[in-house]
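Protein chains in written order, with the working numbering: chain Y, 1 to 191; chain P, 192 to 416.
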């Protein structure tokens, strides 16, 4: 059973048609495409960079490249794979410019402690997961995010992050192992 | 929410364990999925790991925020305006050249074949146009062949001045001809033969005392100089 990925594209053909219109300098088509991708890219870039304040700029840098280079889209891949690959490269560049990534608390992470006990437990579990993810490298977070939230196949992830498929599998493997250690609170076991 | 991950040190499980995230997101191809599922059917440890992967996926997917798209889009529009200002014929040419360079060989071959076909068709069309009827002349002499008489033989004839209309009518009836043009300023008429040979008609006309001049009209397809 395939889970319901809210971020998965509604129709690949629609997106290809939109991108064709964008390549013909159609602003309306571009705006539609932007709205389709804004949430997905924001989410992905927040996860990868851990710097919410720079996310919007990276999204816009990404979409500006889409606007300029829509005519170079290679129909051998999905539109979303192409756009995410641009976003990933932009994210790595932005992080390099901003030197060492630093830890930024997410909205809600330091949230109120009122509410039913179950909600508290849930919130705590979510915060633990966020903290654990923050302990991963940007490359590992990208693979985790693209798989679990965006629903990409490992071959597509290899295309997005620009590495061999075996590297994607290995990154995921190590990401999960690290997550396990971080979630168990055994930081001393990290390599 | 409890997330537990088993240790991946056992190589027996590693192949399955590696692919579990993509089993959960539904993107494994048929062969891989069957392989993973058949291992899961007989391995409790991997089934437990599968549950942990599902829990992680659910936890990540449920963590949603609603970013403000409108303000971000407005800021990008300003940048697009700047970008548009630099968009002209030179950039269009650059784009076409880049597209050609980046096109796959199959696409290039198809485009080249299409261009060749267009040239061949254009050449063929030129030949057809050149060999077809000339365009209607803006002026016409009696020697011209009008469109209405296409396929019929014509004769230009000048009658002697003293002959009455009655004589002319007699000649036309005997030749089964009709006047299609004239008289010109020189008194020339152009006749069209309904049937019968042109040469016979010419011989009869030339022999007739009422006729001063009789000549065939130029052949069809020739232009009037």
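Just so you know, even glycine gets a beta-carbon here, dropped at the ideal spot from N, CA and C.
Interface criterion met: the Cβ of residue 218 of chain P is under 8 Å from a Cβ in chain Y. Residue-level contact by beta carbon holds for residue 209 of chain P and chain Y, with a gap shorter than 8 Å. In the DSSP annotation of this structure, residue 154 of chain Y is not part of any beta strand (DSSP E); the continuous alpha helix (DSSP H) holding it starts and ends at 154-161. The alpha-carbon separation between residue 73 of chain Y and residue 299 of chain P amounts to approximately 16 Å. Under the DSSP assignment, residue 368 of chain P falls in the beta strand (DSSP E) whose first and last residues are 368-372. Contact between residue 148 of chain Y and residue 252 of chain P holds: their C-beta atoms lie close to 7 Å from each other, under 8 Å. Fully contained in the segment 213-244 of chain P is no beta strand (DSSP E) run of length 3 or more. Among the CB atoms of chain Y, none fall inside 8 Å of the CB of residue 319 of chain P. When secondary structure is reduced to three states using DSSP, residue 149 of chain Y falls in the coil class, being assigned neither helix nor strand.
Residue 204 of chain P and residue 83 of chain Y have their C-alpha atoms some 35 Å from each other. Residue burial is scored here from C-beta neighbours: residue 75 of chain Y has fewer than 16 other C-beta atoms within 10 angstroms and is therefore classed as exposed.
With the rule of 3 Cβ pairs closer than 8 Å, the segment 125-138 of chain Y does not count as touching the segment 27-44 of chain Y.
Taking the Cβ atoms as the reference, residue 16 of chain Y lies roughly 11 Å from residue 70 of chain Y, outside the contact range of under 8 Å.
Distance from residue 85 of chain Y to residue 181 of chain Y at the Cβ level is roughly 30 Å; contact not present, criterion being Cβ atoms closer than 8 Å.
In this chain, the beta strand (DSSP E) harbouring residue 350 of chain P covers 345-350. Proximity of the segment 352-372 of chain P to the segment 313-325 of chain P falls short of the contact definition, fewer than three beta-carbon pairs being nearer than 8 Å.
At the C-beta level, residue 405 of chain P and residue 348 of chain P come within 8 Å of one another. Residue 40 of chain Y and residue 175 of chain Y have their C-alpha atoms spaced approximately 21 Å apart. Boundaries of the beta strand (DSSP E) around residue 405 of chain P: 402-407. Shown in chain order are the members of the segment 11-38 of chain Y whose Cβ falls below 8 Å from a Cβ of chain P: 25, 27, 30, 31, 34, 35, 38. Assigned with DSSP and collapsed to three states, residue 379 of chain P falls in strand. If you draw a straight line from the Cα of residue 184 of chain Y to the Cα of residue 294 of chain P, it is about 51 Å long.
The Cβ atoms of residue 231 of chain P and residue 241 of chain P sit closer than 8 Å to each other. Non-local C-beta neighbours of residue 237 of chain P in its own chain, meaning closer than 7 Å and more than five positions away in sequence, comprise 204, 207, 208, 230, 231, ordered along the chain. By DSSP's assignment, residue 384 of chain P forms a beta bridge with P/368. Residue-level contact by beta carbon holds for residue 68 of chain Y and chain P, with a gap shorter than 8 Å.
Secondary structure at residue 184 of chain Y: coil, using DSSP grouped into helix, strand and coil. Distances from the alpha-carbon of residue 177 of chain Y to those of Y/136, Y/158, Y/88 put Y/136 closest. Inclusion of residue 372 of chain P and residue 381 of chain P in the CB contact set at 8 Å is warranted, their separation being smaller than that value.
Residue 60 of chain Y has a beta carbon lying within less than 8 Å of a beta carbon in chain P. Using a Cβ-Cβ cut-off of 8 Å, residue 372 of chain P does not count as an interface residue toward chain Y, since no Cβ of chain Y sits closer than that to its own. For residue 71 of chain Y, there is no enclosing alpha helix (DSSP H), as DSSP marks it with neither H nor E. If you look at residue 26 of chain Y, you'll find it isn't in any alpha helix (DSSP H); DSSP assigns it neither H nor E.
With 16 or more neighbouring CB atoms inside 10 Å of its own CB, residue 344 of chain P falls in the buried class. For the set P/305, P/401, P/245, the Cα lying nearest the Cα of residue 357 of chain P is the one of P/401.
Around the beta carbon of residue 60 of chain Y, 16 or more other beta carbons lie within 10 angstroms, which makes this residue buried.
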